[in-house]
Each structure stands twice: as C-alpha cells, then as structure tokens.
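The sequence shown begins at 18 in this note's numbering and counts up by one. Positions of the beta carbon are idealized from the N, C-alpha and C atoms, including for glycine. Quantities reported herein were computed from a predicted structural model and do not represent experimental measurements.
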Amino acid sequence: MEYTAIASSPRIWVDADACPAVIRDILYRAAGRTRIEVVLVANRWLQTPSSRFIRAMQVAGGPDVADDAIVERVAAGDLVVTQDIPLAARVLAKGAAALDPRGEPFSADSIAQRLSIRDFMAELRGAGVQTGGPPSLHARDRQAFAARLDQWLARQR
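Here it is as structure tokens:
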C-alpha cells in the first residue's frame, strides 16, 4: 500500500506491530486534538478510528519491513514511537525524535548504550540464559508516555 501524506507538518510514525493498544489510544486522542497526523505501520491490518489525521499502513511480513518503511518515509522533526532500539537509532540519524511506549525518549547520547545492552541480552538468550521479557505496562508508564508526547506536541506549535 502506498502512503500519501496529507500535510507538510511533522508526523507521528508508530511501529504498530508491538505498540500497546493503550498507547495507540493516547495517540489517536492526540491526533484529533492537535490535528497532527499519526501513521501506524504494521505487517498486519489495523483497525483505526475514522479520522483524516489517523492512517494505517500495512507492509509485507518479514524482519524489519515495517522499520524500513518508517525509515524510508520519516523526516527530520517527525516523531517515531517504537520499542525497537535499532529503529530508534536509524530515525535519530535522520533527525527525527524517537520515544518508547513507556515514555522514555531515545537520544543520541543514550542510543549507543541501549544498543549495547540489547546486544548483550541477545547474547545471553543465545547462550540459553532466561532473561525474561519486559515488565508489564503500568499506569505510570502511560502517564509518562502521555507527558512526553505532550511535550513534543507543544514544541510543534
């Protein structure tokens, strides 16, 4: 599916395959309130609210296909919502901002450390060590995300 932008203002791109529904709901409300376009990119069909400011873009399945689609289209000044650290590194390199669903911003200063930790954990898992998954998303995480999103939106005015 080809994506066509509706405006030249900054957009919010969402790595939607792993984005929690409660975070998508916060983004939907923000799109309606601020009229900033939110584009959800996933390798499956997503049902979204009917709004000219909310779009879903379905890409083919496969490793990094959604990430590649986001990187190809993201522009400096856009925001990308993702849990994927390598994707965050790629969009930061293009001048976009990146925020995880827990409200933690990715930055040029922190991305190298986060990539190192991610790689270390992958090595442990490869060696058979049980590392567990991420903790559950709590109300404080949703609040932190909403607060960081509001900060980014305020800078767009």
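Which class does residue i belong to by DSSP, given the choice of helix, strand or coil?
{"i": "W30", "result": "strand"}
{"i": "Y20", "result": "With a pLDDT of 49 at Y20, under the threshold of 50, the predicted position of this residue should be treated as unreliable, and no value is reported."}
{"i": "Q75", "result": "strand"}
{"i": "V97", "result": "strand"}
{"i": "A115", "result": "strand"}
{"i": "F123", "result": "strand"}
{"i": "G49", "result": "helix"}
{"i": "R61", "result": "coil"}
{"i": "P80", "result": "coil"}
{"i": "Q130", "result": "helix"}
{"i": "L154", "result": "coil"}
{"i": "P37", "result": "coil"}
Under a Cβ-count criterion, where at least 16 other Cβ atoms within 10 Å of its own Cβ denotes burial, should residue i be classed as buried or exposed?
{"i": "S93", "result": "It should be noted that the sequence gives Ala, not Ser, for residue 93. Exposed is the call here."}
{"i": "A115", "result": "buried"}
{"i": "V175", "result": "The chain is shown from 18 up to 174; residue 175 falls before or after that span and cannot be answered."}
{"i": "V108", "result": "buried"}
{"i": "D81", "result": "exposed"}
For residue i, which option in the options has the closest C-alpha, if you only look at C-alpha atoms?
{"i": "L57", "options": "D84, R50, G79", "result": "D84"}
{"i": "Q160", "options": "R119, Q130, R131, S124", "result": "R119"}
{"i": "Q64", "options": "R52, Q130, Q100, R41", "result": "R41"}
{"i": "A156", "options": "W169, I43, D34", "result": "I43"}
{"i": "W62", "options": "Q147, D34, V88, I71", "result": "D34"}
Which residues share a DSSP beta bridge with residue i?
{"i": "V55", "result": "I29, I71"}
Decide yes or no for the touch test of the segment 154-174 against the segment 111-127: beta carbon pairs closer than 8 angstroms, at least 3 of them. Because the criterion of three Cβ pairs below 8 angstroms is met, the segment 154-174 and the segment 111-127 touch.
Inter-stretch contact at 8 angstroms, needing at least 3 Cβ pairs: the segment 44-64 / the segment 28-35: In short, these stretches touch, since the Cβ pair count reaches three.
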